[in-house]
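Asks:
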Amino acid sequence: MTATDTHIDTHVDDHVSTDLDPSDGLYRLVASNDHKMVGRLWIGASVLFLLAVAILGVVSNIERISLDGIGVFGDVATYFQSWALFRTAAIFMVVVPLFIGIATVIVPLQIGSASVAFPRLAAASFWSWFMASSIHIASFLADGGLGPAEGTNDEGTVLSIVSLGLMIVSILAASVCIATSVIALRPAGMTLVRVPAFTWSMLVATSVWLFSLPVLIANLIYAYVDLQGREPIAFGNPDRLWSSIEWAWSQPQVYAYAIPVLGVLADVVPVSAKHRQANRSVVLALIGLFGVLSFGAWAQHALSRGADPVFEGGNYIYDEFLYIAFGLVVVLPVLGVLGGVADTLRRGSIPKLSAAFLGALTGVILVLGAATAGALRVIPLWDALHEENQLLSSSTAQLSLVFAAAIASGIGALAYWSPKIFGGYANEPLAMLGVMAVFMGGLTAGVADMVSAFLGQPDISVAPVSESAVETMNLMVVIGLVLIAGGALALIGALVPAASSDEQLPDDPWDGHTLEWAAPSPPPVGNFVEALEVVASAEPLLDEFEEVS
Amino acid sequence: MATDVVHAAPPAAELSRNRTLVVGTAFAAVASIMVFVGLFAVYISVRQNNEFLVENGLGGSLWFPEGAVQIAPGTMMLFTTWISAFSISWAVQAIRNDDRRNAYAALFLTMLMGAAIINQMAFAISDFGLPVDRSTPAFFLYTIYGSYIVFMAIAIAFVLLMAIRAIAGQFNSRNADGVQAAAIYWYATVIVYMPVWYLITITK
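So the sequences go chain by chain: E and C. Oh and the first sequence: position 499 is 499 in our numbering, straight run, nothing missing. Oh and the second sequence: position 24 is 573 in our numbering, straight run, nothing missing.
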């Protein structure tokens, strides 16, 4: 049997040969290719990494409170390494894996499938990602990292590059599983327009990742080869390495990691308002448009200025018309989706304030904040914002906002789908506390970083000048990240009762509209006890409910 | 008098299959192509940069030294990839017609073509005679060729896997997904080689 097998495993134990006892927890954890177990592994690992990343963010930003030199880290190189690790980990160890985990469990249920496509590949992608993430962290501890030249060694840098590449390859493999499930495993009658909004958003997100992240792999290949056997020319030079890959953490690419946030909102709100999503196809189209506008592989310095810093013949990427247009237009689909769900709320009943609803809503508000920060950044009026340090600071603001958006939305999604993911209810007060902490934290950090950008945030390694207003803003960033770390702790606290619950739950505790609520909670191997009927609308369970009543 | 009417049984319904392998491979092929799009984009950009520097007397250098890149090996590789595209299509058609002998022959021929391309690339690399030093063009040349060799090796492994499964009795006229998937990935290698040929062999 190989990962290319097309048939769906419904009996896990038949296909995995091992001497371990099948009822053993370790066996189920390591050898299972049941999509629910694989999804839980992604979620569990990303939540643990979230806590570590939030603490790392706090520590590395404490360094910035005082701009009078390096105090906490001892030297600039160590500070930069932690700064870079925060970025790689926030996106590729927390945000993307969290959504992949939720999608690996929920997408097959939403499309009425017995499993995710290529279940063995899905399991393999988790374990390879987990190993790569661990190696990536270890590489930073071994004086590797992604620069600068002074303070890092080439072997460690190569390890950082290779592990980052392997993390991305693993994420792409998981993305193939999810995207293929949506395209190929839908039941009769479920056209693409009828797939639930979260599933649609994951199809858009994984497609954008599959188109854009391989370009990051190409950058890493150049860096890796450049570091082999001689002095690096450009790409592998640790002093210039980060600049060749930073596009993956800047706009518009940074929005690509937040696409599922829109899908979570468009799925949770209609159920909360007990009303069909109005103009549903328009909302799906807007999510698709947001995905298209977030494709950012073209917005890299190497493509506008070449690899040589002396090259002044081309335009600086931030002055390109396309870059400015994307930066401005990307706000519109987010506003459109918010308008669409507001319309549903207006038509439906007043929703109960829940962690799911709050998380979904605050997540999109934070994405809107990130998009607004991006629009401010590209408006030619703000030429002052085009200085390198200011660009860096506004990029950090957007990253903080997207990071918090994904976490808030993730908490909402986990609270909403916890009966399906864990077989129990998440602790509602703790989950709400987590959402609010992350929302406030993200907003504080994002706004403070943006204000710092306008104030001309100095680069700690280049211009150690004291600027009290900037230092105050940097203190606010630390407070924001402390709040996010607190939110991560609350999330862990909220999920423990869900994961350890033995309570018998109803199939559909929220009067859901889509197929996942037709499966038992938690779903058994194979997911659905009874054969599903032909799907005739986007809300088959709501149809059934209306028919009965 | 009642007439006996013989009703023919309705034709068997098409088997409804989830074409996961074909769809998944299409996604994987797109991702692989995008890796090369990334490699080409940076190559073109840096090369334009070099031309600008040369034209304005700011530095830069002749991209590839005169005579370093010969047109014949690169073009031979292009033709070989095209022939392999035909042979993999032949394999798909043969398996769809339940013509297993032709399918095996076509799959074997495709792998042989792949091995030939790798061999030609190895020859071309040794023929360039460009030292792997601080020369930017040589760095790009070897990176792109090396990445393509890895890409081709993955495609050969994929075809080999599907050939083994075909020999073991899988795939037939009703289910040719595995061979079709291998063909999709193979076409990606053919598509990717065309810009490699143009950028390295033609524009030098």
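All C-beta atoms in this analysis are idealised placements derived from N, C-alpha and C, irrespective of residue type, glycine included.
1) Between Asp34(E) and chain C, is there a C-beta pair that is closer than 8 Å?
2) When you compare each of Leu121(E), Ile161(E) and Glu155(E) to Cys177(E) by their alpha carbons, which one comes out closest?
3) From the DSSP output, which residues share a beta bridge with Asn511(C)?
4) Can you give the Cα-Cα distance for Phe454(E) and Ala413(E), rounded to whole angstroms?
5) Could you have a look at Asn153(E) and say whether DSSP puts it in helix, strand or coil?
6) Since Leu481(E) and Ala445(E) are thought to touch, with beta carbons under 8 Å apart, how far apart are those beta carbons, to the nearest angstrom?
7) Counting pairs of beta carbons, one from the region 199-210 of chain E and one from the region 672-689 of chain C, are three or more of them closer than 8 Å?
8) Just checking my contact of Val364(E) with Val334(E) at CB under 8 Å: how many whole Å lie between their CB atoms?
9) Considering only C-alpha positions, which residue in the set Asp511(E), Val529(E) and Val525(E) is nearest to Leu541(E)?
10) To be precise: take each residue of the region 567-581 of chain C, compare its Cβ to all Cβ atoms of chain E, and keep it if any distance is under 9 Å. Which residues remain?
11) What are the start and end residues of the alpha helix (DSSP H) that includes Ala370(E)?
12) Reducing DSSP to helix, strand and coil, say where Asn567(C) ends up.
13) Is the Cβ of Asp226(E) closer than 8 Å to any Cβ of chain C?
14) Return the residue from the list Asn61(E), His35(E) and Phe92(E) that minimises the CA-CA distance to Ser556(E).
15) Return the residues of the region 664-691 of chain C that lie within a Cβ-Cβ distance of less than 9 Å from chain E, sorted by chain order.
16) Give me the subset of the region 601-613 of chain C whose CB atoms are less than 8 Å from a CB atom of chain E, sorted by chain position.
17) Under 7 Å, CB to CB, which of the residues in the region 177-207 of chain E have a partner in chain C?
18) Does any CB atom of chain E fall closer than 8 Å to the CB of Thr752(C)?
19) Around the Cβ of Glu604(C), are there at least 16 other Cβ atoms within 10 angstroms (buried) or fewer (exposed)?
20) Please confirm whether Ala590(C) has its beta-carbon closer than 8 Å to some beta-carbon of chain E.
21) Going by C-alpha distance, which of Val107(E), Val341(E) and Ala273(E) is nearest Ser201(E)?
22) At the 8 Å Cβ level, is Val584(C) part of the contact set with chain E, yes or no?
23) If you draw a straight line from the C-alpha of Val53(E) to the C-alpha of Ala405(E), how long is it?
24) Please check the pair Val470(E) and Leu358(E), which I expect to be a contact at CB under 8 Å, by giving their CB distance rounded to whole angstroms.
25) Taking a contact to mean a Cβ-Cβ separation below 8 Å, would you say Tyr697(C) touches Val681(C) in this structure?
26) Under 8 Å between C-beta atoms, does Gly587(C) make it to chain E?
27) Report the residues of the region 207-220 of chain E with a CB closer than 7 Å to any CB of chain C, ordered along the chain.
28) Residues in the region 111-128 of chain E with C-beta within 7 Å of chain C's C-beta atoms, listed in sequence order?
29) In whole angstroms, give me the CA-to-CA distance for Pro622(C) and Val586(C).
30) In its own chain, which residues sit with a C-beta less than 6 Å from the C-beta of Ala519(E), not counting the 5 before and 5 after it?
31) What does a CB cutoff of less than 6 Å around Val739(C) pick up in its chain, not counting 5 residues either side in sequence?
32) Would a check of beta-carbon distances place Ser594(C) closer than 8 Å to chain E?
33) Can you tell which of Ala498(E), Phe439(E), Ala375(E) and Phe92(E) has the C-alpha that lies nearest to the C-alpha of Met450(E)?
34) Over what stretch of residues does the alpha helix (DSSP H) that includes Asp550(E) continue unbroken?
35) Expressed to the nearest angstrom, what Euclidean distance is found between the alpha-carbon atoms of Ala643(C) and Ala31(E)?
36) Could you tell me which chain E residues have their CB closer than 7 Å to the CB of Ser696(C), listed as they occur along the chain?
Replies: Reading from the atomic positions:
1) Taking the first sequence and counting its residues from 1, one reaches residue 34(E) at position 34. By this cut-off, Asp34(E) is not an interface position.
2) One-based indexing of the first sequence puts residue 177(E) at position 177. Checked all of Leu121(E), Ile161(E) and Glu155(E); the closest Cα to Cys177(E) is Leu121(E).
3) Nothing in the structure corresponds to residue 511(C), since chain C is present only between 550 and 753.
4) As a position in the first sequence, residue 454(E) is number 454, starting the count at 1. As a position in the first sequence, residue 413(E) is number 413, starting the count at 1. When rounded, the distance between both Cα atoms is 34 Å.
5) In the first sequence, counting from the first residue as 1, residue 153(E) sits at position 153. Coil.
6) Here residue 481(E) refers to the residue found at position 481 of the first sequence. Here residue 445(E) refers to the residue found at position 445 of the first sequence. About 6 Å separates the two Cβ atoms, so the contact holds.
7) no
8) Your numbering for residue 364(E) matches position 364 in the first sequence. Your numbering for residue 334(E) matches position 334 in the first sequence. Confirmed, Cβ separation roughly 7 Å.
9) Taking the first residue of the first sequence as position 1, residue 541(E) is located at position 541. The candidate whose alpha carbon is nearest that of Leu541(E) is Asp511(E).
10) Asn567, Arg568, Thr569, Leu570, Val571, Val572, Gly573, Thr574, Ala575, Phe576, Ala577, Val579, Ala580 and Ser581
11) In the first sequence, the residue the question calls residue 370(E) occupies position 370. Residues Ala355 to Val378.
12) Counting from one through the second sequence, the residue named residue 567(C) turns up at place 18. Asn567(C): coil per DSSP, three-state reduction.
13) Within the first sequence, numbered from 1, the residue matching residue 226(E) stands at position 226. Chain C, which has a Cβ nearer than 8 Å to the Cβ of Asp226(E), makes this yes.
14) Any question about residue 556(E) goes unanswered here, given that chain E covers just 1 to 549.
15) Val681, Asp682, Arg683, Ser684, Thr685, Phe688, Phe689 and Tyr691
16) Phe601, Leu602, Asn605, Leu607 and Gly608
17) Ala179, Thr180, Ile183, Ala184 and Leu185
18) The residue labelled residue 752(C) in the question sits at position 203 within the second sequence. Chain E contact via Cβ: absent.
19) Working through the second sequence from its first residue, we reach residue 604(C) at position 55. By the neighbour-count rule (16 or more Cβ atoms within 10 Å), Glu604(C) is not buried but exposed.
20) For the purposes of this step, residue 590(C) is taken as the residue at position 41 of the second sequence. Chain E contact via Cβ: present.
21) Working through the first sequence from its first residue, we reach residue 201(E) at position 201. It is Val107(E) whose Cα lies nearest to the Cα of Ser201(E).
22) Counting from 1 along the second sequence, the entry for residue 584(C) is found at position 35. At least one chain E Cβ lies under 8 Å of Val584(C).
23) In the first sequence, residue 53(E) corresponds to position 53, counting from 1. In the first sequence, residue 405(E) corresponds to position 405, counting from 1. In a straight line, the C-alpha of Val53(E) is about 15 Å away from that of Ala405(E).
24) Start at 1 with the first residue of the first sequence, and residue 470(E) comes out as number 470. Start at 1 with the first residue of the first sequence, and residue 358(E) comes out as number 358. That belief does not hold up - the Cβ atoms of Val470(E) and Leu358(E) are roughly 32 Å apart, past 8 Å.
25) Counting from one through the second sequence, the residue named residue 697(C) turns up at place 148. Counting from one through the second sequence, the residue named residue 681(C) turns up at place 132. Going by C-beta atoms, Tyr697(C) is not nearer than 8 Å to Val681(C).
26) Counting from one through the second sequence, the residue named residue 587(C) turns up at place 38. Yes - at least one Cβ of chain E is within 8 Å of the one on Gly587(C).
27) Leu210, Phe211, Pro214, Val215, Ile217, Ala218 and Asn219
28) Ala117 and Phe118
29) The sequence position of residue 622(C) within the second sequence is 73, counting from 1. The sequence position of residue 586(C) within the second sequence is 37, counting from 1. Cα-Cα distance, rounded: 23 Å.
30) In the first sequence, counting from the first residue as 1, residue 519(E) sits at position 519. Hits under 6 Å: Leu109, Asn527 and Phe528.
31) Within the second sequence, the letter at position 190 stands for residue 739(C). Excluding residues within five positions, the ones whose Cβ falls inside 6 Å are Thr630 and Ala634.
32) Counting from one through the second sequence, the residue named residue 594(C) turns up at place 45. Interface residue, yes.
33) In the first sequence, residue 450(E) corresponds to position 450, counting from 1. Nearest of Ala498(E), Phe439(E), Ala375(E) and Phe92(E) to Met450(E), Cα basis: Ala375(E).
34) Lying outside 1 to 549, the shown extent of chain E, residue 550(E) is not represented and no answer is given.
35) Counting from one through the second sequence, the residue named residue 643(C) turns up at place 94. Counting from one through the first sequence, the residue named residue 31(E) turns up at place 31. Approximately 38 Å, taken between the alpha carbons.
36) Taking the second sequence and counting its residues from 1, the one referred to as residue 696(C) is at position 147. By Cβ distance, chain E contributes Ile221.
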